[in-house]
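Last residue of the sequence shown: 290 in the numbering used here, with the numbers rising by one and none dropped. Beta carbons: idealized from backbone N, C-alpha and C, even for Gly. Report on the following structure.
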Amino acid sequence: MDHLQRIKTKIFTDYPSFRPFMDQWKKEGKTTVFTNGCFDLIHRGHVEMLLEAAEKADKLIIGLNSDGSVEKLKGRGRPLMDEKSRALMLASFCFVDAVVLFPEDTPYRLISQILPDVLVKGGDYTVPEIAGHDVVLANGGKVGVIKLVPGFSTTSLIKKIQNPGDE
């Protein structure tokens, strides 16, 4: 199997297509960590957060907002890249085991289906603000916040690209 095909095997358009993999991991006793986001313009902050998330379990699952949900959350003109492109870039990281698309504003339903052992988000959230925290905690899992890398955000990168002289 070539590299591109191997990467594409980590991308799932919905939970039902991902479920056999999740079931197999659970059968093997693998622990799972889940995080989510739009990942509209992948930057160092994303990479470091995902690396830290991956350290918390055997398998890292990323819930990826669909194009429609990104536009609804971020506004017209977003996402900058389509969901297939964003999913492919995330899946290309060796430490990412699965990318699962979801169409809702939050991944609550997806988290309720996956029931990860660990749920994490970036430091711009508190535990009570993390979608699905209640389900994960009720199922005996852990919920955590990963410190953000200062100076890196998609919004600031977009502003910098639009106005390169402004610092």
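Opposing strand residues paired with Gly-186 [DSSP bridges]: Asn-159, Val-223
Check whether Asn-159 and Ile-185 have beta carbons under 8 Å apart: yes
Same chain, Cβ closer than 6 Å to Asn-262, neighbours up to 5 away in sequence not counted: Leu-238
Distance between beta carbons of Ala-176 and Ile-253, contact taken as under 8 Å: 13 Å between Cβ atoms; not a contact.
Collapsed DSSP secondary structure at Phe-135 in the structure displayed: strand
Cβ pair Gly-271, Val-219 closer than 8 Å: One detail in the question is off: residue 271 reads as Leu in this sequence, not Gly. Taking 8 Å as the Cβ cut-off, Leu-271 and Val-219 do not qualify as a contacting pair.
Bridge partners - Val-241, DSSP secondary structure assignment: Val-156, Lys-265
Beta-carbon spacing of Leu-213, Val-222 below 8 Å: yes
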